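Undergrad:
Protein chains: 2
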Amino acid sequence: MRTIYEGDSTPKRDGYRMPAEFEPQDQVWMLWPHRPDNWRNGAKPAQEAYAAVARAIAQFEPVTVCVKPQDYAAARYVLGEEEGIRVIEMESDDAWIRDCGPTFVVDGQGGMRAVHWHFNAWGGLVDGLYFPWDKDELVGVKVADLAGADRYRPDGFVLEGGSIHVDGQGTVLTTEMCLLSEGRNPGLSKAEIEGYLNEYLGTEKVLWIQDGIDPDETNGHIDDVACFVAPGVVACIWTEDEENPFYAQCQAAYAALSTMTDAKGRNLKVHKLCMPVKPVYMTQTEVDTIDVVEGTLPRGTEDACIASYMNFLVVNGGVIVPQYDDENDGLALQQIQGMFPDHEVVGVRTREVVYGGGNIHCITQQQPKASLG
Amino acid sequence: MRTIYEGDSTPKRDGYRMPAEFEPQDQVWMLWPHRPDNWRNGAKPAQEAYAAVARAIAQFEPVTVCVKPQDYAAARYVLGEEEGIRVIEMESDDAWIRDCGPTFVVDGQGGMRAVHWHFNAWGGLVDGLYFPWDKDELVGVKVADLAGADRYRPDGFVLEGGSIHVDGQGTVLTTEMCLLSEGRNPGLSKAEIEGYLNEYLGTEKVLWIQDGIDPDETNGHIDDVACFVAPGVVACIWTEDEENPFYAQCQAAYAALSTMTDAKGRNLKVHKLCMPVKPVYMTQTEVDTIDVVEGTLPRGTEDACIASYMNFLVVNGGVIVPQYDDENDGLALQQIQGMFPDHEVVGVRTREVVYGGGNIHCITQQQPKASLG
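So the sequences go chain by chain: A and B.
For the first sequence, this note's numbering begins at 1 and goes up steadily by one.
For the second sequence, this note's numbering begins at 1 and goes up steadily by one.
(1) For the beta strand (DSSP E) that contains A/Val346, what are its first and last residues?
(2) What residue from B/Asp291, B/Phe340 and B/Asp303 has the CA that sits closest to B/Asn316's CA?
(3) When we look at the beta-carbon of B/Arg86 and count the other beta-carbons within 10 Å, is it buried (16 or more) or exposed?
(4) Quick one: give me the first and last residue of the beta strand (DSSP E) that A/Glu89 is part of.
(5) What residues in its chain sit with their C-beta under 6 Å from that of B/Glu90, if we drop five residues either side in the sequence?
(6) Give, in chain order, every residue of the stretch 321 to 345 of chain A whose Cβ lies closer than 7 Å to some Cβ of chain B.
(7) Identify which residue in A/Asp303, A/Asp145, A/Val139 and A/Val225 has its Cα closest to the Cα of A/Cys178.
(8) Who does B/Met30 pair with in a DSSP beta bridge?
(9) For the alpha helix (DSSP H) that B/Lys12 lies in, which residues bound it at each end?
(10) Are three or more beta carbon pairs between the stretch 176 to 190 of chain B and the stretch 262 to 279 of chain B nearer than 8 Å?
(11) Within 10 angstroms of its Cβ, does B/Asn33 collect 16 or more other Cβ (buried), or is it exposed?
(12) Please name the residue, chosen from A/Ala147, A/Thr218, A/Pro69 and A/Cys305, that lies closest to A/Lys135 on a Cα-to-Cα basis.
(13) Is B/Arg76 helix, strand or coil when you go by DSSP?
(14) Taking 8 Å as the limit between beta carbons, can you name the residues of its chain near A/Asp381, skipping five residues before and five after?
(15) Three-state secondary structure (DSSP) at B/Ala376?
(16) State buried or exposed for B/Tyr152, treating a residue as buried only when at least 16 other CB atoms are found within 10 Å of its CB.
(17) Can you give the Cα-Cα distance for A/Glu286 and A/Ile363, rounded to whole angstroms?
(18) For B/Cys362, name the three-state secondary structure that DSSP assigns.
(19) Whose C-beta lies closer than 6 Å to the C-beta of B/Arg2 among residues of the same chain, with five residues either side of it excluded?
(20) Taking the alpha-carbon positions, what's the B/Gly42 to A/Ala304 distance?
(21) From the DSSP output, which residues share a beta bridge with B/Thr17?
(22) Does the beta-carbon of A/Lys190 have 16 or more other beta-carbons within 10 angstroms, so that it is buried, or is it exposed?
(23) In whole angstroms, what is the alpha-carbon distance linking A/Arg349 and A/Glu48?
(24) Using 10 angstroms around the beta-carbon of B/Ala92, count the other beta-carbons present and answer buried if the total reaches 16, otherwise exposed.
(25) Just to confirm, are B/Asn311 and B/Asp223 a CB contact at a threshold of 8 Å?
(26) By how many angstroms is the C-alpha of A/Thr103 removed from the C-alpha of A/Val126?
(27) Between the C-alpha atoms of B/Thr322 and B/Ile306, what's the straight-line distance to the nearest angstrom?
(28) Would you verify that the beta carbon of B/Tyr5 is, or is not, closer than 8 Å to some beta carbon of chain A?
(29) Would a C-beta distance cut-off of 8 Å place A/Glu61 and A/Val105 closer than the cut-off?
(30) For A/Ile193, which of helix, strand or coil comes out of DSSP?
(31) Alpha carbon to alpha carbon, how far is A/Val115 from B/Asp107?
(32) Which runs of the alpha helix (DSSP H) at least 4 residues long sit entirely within the stretch 248 to 333 of chain A? Give them in chain order.
(33) Identify the contact partners of A/Glu91 in chain B, using a Cβ-Cβ distance below 9 Å as the criterion.
(34) Between the C-alpha atoms of A/Ala199 and A/Lys12, what's the straight-line distance to the nearest angstrom?
(35) Going by DSSP, name the residue or residues bridged to B/Met112.
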């Protein structure tokens with residue numbers, strides 16, 4: 001497969017755009033959790049949760065789960081021989097394909113390519129979550145090759161897929177907390193970063209939310225805060241409980257989005273999506289089964305886990321939504337059903353994924369239909 | 001993907017057959033050599049030869065090269081970013097996908113499935129070439145999954161792809177030396193083995209050659225001795241030099257084939273294919289760079305390597321033929337061109353592959369077009 005380096009060309013120059021997540025997809029990619037210094041109990045509970053997510057997606061479209069070679073046989077057993085789930089080997093450092101995987105772009109004429117961003121484990125040597133990250137950095141190549149897609153490689157530009165959402169019609173939504181962080185592209189101005197986004201996503205306009213809800217892990221990825229649910233329509237996390245650890249960020253994001261217009265000049269319509277009533281914390285017993293390794297961000301009992309219903313995945317005809325055994329679980333499903341009246345909304349219990357630092361959107365990467373217009 | 005175990009059904013019962021190698025193909029699969037106890041100089045010269053074979057095939061159809069995770073980056077560099085070569089990760093014990101990979105079968109209605117034979121490293125604990133072989137044993141699952149093919153798994157039946165050739169019209173060609181060997185299916189009679197072949201290849205008639213030319217390694221695989229070049233037409237190795245180490249086997253195989261009729265009742269037409277004039281031996285210097293490891297068949301300077309021009313691969317519009325820097329190299333190409341007048345015949349220098357115990361046919365496995373009639 002061919003690599004197109006920065007300078008040779010960009011998706012925008014070649015007529016490619018990133019489709020919105022709600023546009024038709026060919027399949028979803030996942031990695032398989034393994035590292036015992038991030039996941040409790042040797043990642044076994046997390047693997048069950050990942051498998052439940054894979055099975056939920058497979059009801060709507062094919063899933064490829066990429067597993068470390070030593071996990072191949074066990075993963076294949078856990079995932080079962082279900083129609084629609086394919087297991088293949090792939091080395092990785094951890095299991096967040098939204099962030100280390102490629103972003104697919106299409107040209108409206110049957111062409112599909114992959115943008116392979118630089119990945120530095122959410123902050124590199126400044127505030128990255130582990131070291132090294134060389135295997136994650138190769139996931140973009142491997143998935144692009146498996147998908148049969150030529151690959152754009154922006155020289156030096158660091159980005160994770162979870163830090164952006166697009167409407168497929170020229171608009172990209174992101175956060176300043178993440179994209180302007182010191183650990184990613186400190187040499188670039190905000191305007192230069194907008195330039196990269198527009199060139200590589202095929203967009204025209206960048207909408208900036210100030211803060212995300214997890215300054216420590218992803219530096220505030222947008223995919224826990226807000227997303228497009230249709231052109232001109234976004235969802236935003238919301239709570240009126242001033243005691244909620246994310247109250248301020250919810251209020252600020254909602255207020256900001258409510259004043260924004262997209263690339264087509266539409267005023268955004270903003271749906272509110274509830275937060276769990278009870279913040280999620282790990283117990284000491286749970287934390288105790290996570291290996292302590294120098295260089296990996298340690299887990300503790302004192303910080304609220306980043307449990308947001310916003311971290312859902314839209315698939316063909318379905319929406320796969322995190323559930324936390326919280327009293328707002330049902331309300332979240334109901335609100336999302338309201339945003340996607342033609343989709344089947346499926347909840348999956350993913351507390352174990354949250355313990356590792358993300359959720360359904362973070363552990364999946366959609367591959368759009370190459371035939372998209 | 002689904003597995004159909006013996007007893008549930010067989011390809012023949014479901015209307016599937018193995019196409020001949022000269023029928024249209026979708027792609028070719030390869031593994032990547034690695035083990036330093038089989039390949040000289042850390043497998044680096046062999047890797048160059050494998051890459052040359054991959055590039056030759058890629059002129060005609062796509063190739064997927066499956067490499068051990070630790071070799072991924074280096075293999076990708078050696079193979080280049082050429083159109084038509086895809087590199088993916090896959091664990092294996094060695095690099096003979098003809099033998100440990102699946103055999104694809106088609107049903108004439110767009111269906112393709114894989115037969116995943118049991119593999120025991122050419123003889124298991126009786127006279128197998130290395131131990132263990134668990135990673136090779138999984139290659140059949142993995143390739144079938146990657147190809148999107150449901151998989152037949154004959155309970156307990158041991159077979160390597162290199163020990164059979166089919167004409168796609170009901171006939172399978174094999175050797176007694178291999179299929180009746182003690183290390184494979186010692187509990188089965190010749191008639192029972194014929195039953196397995198016919199059920200899993202969708203054939204009607206088994207043609208038996210007595211001996212292959214390498215009793216020690218593959219126990220005499222047919223793919224160094226003879227193959228179908230068209231329905232009713234075979235090629236057979238041939239030498240009139242009584243000093244040639246394979247003189248007796250050439251004469252016997254030719255004589256046997258000349259009297260045979262295929263499943264359709266046709267008398268076989270037999271083409272002669274020359275042998276290298278000078279048998280290939282490894283030098284002591286070459287042998288010295290191979291790790292000596294208990295459990296792996298050691299290499300020496302005294303035995304002639306199994307250098308046969310017969311170990312070619314037919315692809316769409318091409319034939320990829322071993323070359324040994326021997327004075328018969330050109331004659332072999334010319335004879336094969338005569339057998340395949342509409343194909344482009346391409347020679348590749350593969351002495352380094354022979355050193356490891358096989359050649360182009362052994363290191364490749366074709367995936368037929370699912371749309372075949």
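Every residue gets a Cβ at the ideal spot worked out from N, C-alpha and C, and that includes glycine.
None of these values were measured; they are calculated from a predicted model.
TA: Taking the definition as stated:
(1) Glu344 to Arg349
(2) Check the Cα spacing between B/Asn316 and each of B/Asp291, B/Phe340 and B/Asp303: the tightest is with B/Phe340.
(3) When all chains shown are included, B/Arg86 counts as buried.
(4) Ile85 to Glu89
(5) First, the residue type needs correcting, since residue 90 of chain B is Met and not Glu in the sequence shown. Close CB contacts of B/Met90 within its chain, under the 6 Å cut and outside five residues either way in sequence, are with Cys66 and Lys142 (chain order).
(6) none
(7) Ranked by how close their Cα comes to the Cα of A/Cys178, the residues A/Asp303, A/Asp145, A/Val139 and A/Val225 have A/Val225 in first place.
(8) B/Val65.
(9) Here the alpha helix (DSSP H) through B/Lys12 covers Pro11 to Asp14.
(10) no
(11) For clarity, residue 33 of chain B is Pro in the given sequence; the question names Asn instead. It counts as buried.
(12) A/Pro69
(13) Helix.
(14) The question about residue 381 of chain A has no answer here: the residues shown for chain A are numbered 1 through 373.
(15) Since the first residue of chain B shown is 1 and the last is 373, residue 376 of chain B is not available in this structure.
(16) B/Tyr152 comes out buried.
(17) 21 Å
(18) coil
(19) Asp150
(20) 50 Å
(21) Rather than Thr, the amino acid found at residue 17 of chain B in this sequence is Arg. DSSP, once it has assigned bridges, lists B/Val106 as partnering B/Arg17.
(22) exposed
(23) Going from the Cα of A/Arg349 to the Cα of A/Glu48 covers about 10 Å.
(24) In the sequence on display, residue 92 of chain B carries Ser and not Ala. Flag for B/Ser92 reads buried.
(25) A contact, by the Cβ cut-off of 8 Å.
(26) 24 Å
(27) The residue asked about is misnamed: residue 322 of chain B is Pro in this sequence, not Thr. Cα to Cα, B/Pro322 sits roughly 12 Å from B/Ile306.
(28) no
(29) It is not a contact, given that the beta carbons lie outside the stated cut-off.
(30) A/Ile193 falls in the helix class under three-state DSSP.
(31) 38 Å
(32) 284 to 288
(33) Pro69, Gln70, Tyr72 and Glu89
(34) The amino acid at residue 199 of chain A is misidentified as Ala; the sequence shows Glu. Cα to Cα, A/Glu199 sits roughly 5 Å from A/Lys12.
(35) Listed as beta-bridge partners of B/Met112 by DSSP are B/Val106.
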